[in-house]
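A quick write-up on the structure given underneath.
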Amino acid sequence: MNVAVIRFPGTNCEFDTQYAFERIGAKTELVWHKEQKLPKCDLVVLPGGFSYGDYLRSGAIARFSPVMQAVKEFADKGGYVLGICNGFQILLESHLLPGAMKRNEHLHFISKFQHIKVIHNDNKFLSKTEKGEILNIPIAHAEGNYFVDDETLKKMHEHGQIILKYCDANGEYDNPNGSVEAIAGICNEGKNVFGLMPHPERACERILGSEDGIKMIKGFFD
Amino acid sequence: MKAIVDIYLKEGVLDPQGKAVHHALHSLGFRDVEDVRVGKQIVLTLKGEKSVDEAKEEVAQMCEKLLANTVIEDYKIEIVP
């Protein structure tokens, strides 16, 4: 499997992301945001970080990078795209995913391990996890307060687009940042574009405290 | 010509910054504050000969494309000739 990892000015999780995918046997390639074409790949990952210093709004300026046009065309043709943290914010700003991010409810930058629950696994990304499974994955963000209007939310529920929610260790309600319905991750209607605030690449070996992230990204392997 | 753009979270979208400022003002004894919304202001200096309406139209496009995220934000444009 070939994975293209996009790098914007201010991206800082690109090497962790490469490391995690290479651990499961993928070939990875860094792609600079000024590229107008993507290399031949099976998955495009927009990694975490602070593209363009989060100026204006997180992801707002990265959206207009030349490579994003290629990412959009790739996604429109059914190609798999995964946005992690700042990558998720870029996908929202690009309208490849519905909704928007606000500052965390209590305005703090949150950096900690957080439990999340698999709501739907009938998609490629979470196909190797169980429905209802509780995963332990680090979060690290200041703008992860997911917002979407009621009408869109209803449609997202109907199409199984709400794929991950924050929870506590027992799977009970927990909401670290004030997101609507404690949503941690979503996908598009076509189930080929995924975004989540937690960082699976930071939970890819036991020494890091959790291997649950491997279970997630493995889904992209057939 | 200048364009002054005010951007706020839409009515009905909870404003975490506004809420925190509201709470702080209450703690300081300003108990008559009923609501606080925190926004941002972007001031653009425009060149070229344009009417106020043309400038407003152009700045509106800038807001739709980049300056505001219309999923959660409203904007207000004031043109100062």
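From first to last, the protein sequence lines are chains A and B.
Residues 986 to 1207 in this note's numbering are what the first sequence spells out, letter by letter.
Residues 88 to 168 in this note's numbering are what the second sequence spells out, letter by letter.
Heads up, the beta-carbon is just placed ideally off N, CA and C, and yes, glycines get one too.
- When 7 Å is used as the limit between beta carbons, Ala-1085 (chain A) is near these residues of chain B: Asn-156, Val-158, Ile-159, in chain order.
- Checking the DSSP bridge columns, you'll see Gly-1034 (chain A) partnered with A:Thr-996.
- In this structure the segment 1098-1107 of chain A does not touch the segment 1060-1069 of chain A; the number of beta carbon pairs closer than 8 Å is below three.
- For Thr-1137 (chain A), the enclosing alpha helix (DSSP H) stretches over residues 1135-1143.
- The DSSP-derived three-state label of Asn-1121 (chain A) is strand.
- Annotated as distal: Met-1141 (chain A) and Ile-1148 (chain A), with beta-carbon spacing of 7 Å or more.
- The Cβ of Ala-107 (chain B) sits closer than 7 Å to at least one Cβ of chain A.
- Distance from the CA of Gly-1156 (chain A) to the CA of Trp-1017 (chain A), rounded to the nearest whole angstrom, comes to 39 Å.
- Taken in chain order, the complete alpha helix (DSSP H) segments of 4 residues or longer contained in the segment 1057-1116 of chain A are 1071-1078.
- In the same chain as Thr-157 (chain B), and ignoring 5 residues on each side of it, the C-beta atoms closer than 7 Å to its own belong to Glu-151, in chain order.
- If you compare the alpha carbons of B:Gly-99, B:Ile-164, B:Gly-135, B:Lys-134 with that of Gln-148 (chain B), the shortest gap goes to B:Ile-164.
- A distance of 7 Å or more separates the beta carbons of Ile-1124 (chain A) and Gly-1198 (chain A).
- Distance from the CA atom of Ala-1005 (chain A) to the CA atom of Leu-1015 (chain A), rounded to whole angstroms, is 14 Å.
- Selection B:His-110, B:Leu-112, B:Val-146 evaluated against Ile-91 (chain B) yields B:Val-146 as nearest (Cα-Cα).
- The beta carbon of Gln-128 (chain B) sits closer than 8 Å to those of Ile-91, Val-92, Asp-93, Ile-94, all from its chain and outside the five residues before and after it, given in chain order.
- Rounded to the nearest whole angstrom, the C-alpha separation of Ala-1169 (chain A) and Glu-1128 (chain A) is 12 Å.
- When C-beta distances to chain B are compared with 9 Å, the residues of the segment 1031-1052 of chain A below that value are Leu-1041, Arg-1042, Ala-1045, Ile-1046, Arg-1048, Phe-1049, in chain order.
- Taking the Cα of Gly-1204 (chain A) as reference, the smallest distance to any Cα among A:Gln-1074, A:Lys-1057, A:Glu-1115 is reached at A:Glu-1115.
- Nearest C-alpha to Gly-1175 (chain A) among A:Val-1165, A:Glu-1196, A:Tyr-1151, A:Gly-1145: A:Gly-1145.
- The alpha carbon of Ser-1043 (chain A) has as its nearest neighbour, out of A:Asp-1107, A:Glu-1078, A:Gly-1117, the alpha carbon of A:Glu-1078.
- Two segments are said to touch when three or more pairs of C-beta atoms, one from each, lie closer than 8 Å; by this definition the segment 1023-1037 of chain A does not touch the segment 106-124 of chain B.
- Sequence-distant partners of Gly-1034 (chain A) (beyond 5 residues in either direction) whose C-beta falls short of 6 Å from its own C-beta, in its chain, are Gly-995, Thr-996, Asn-997, Cys-998, Asn-1071.
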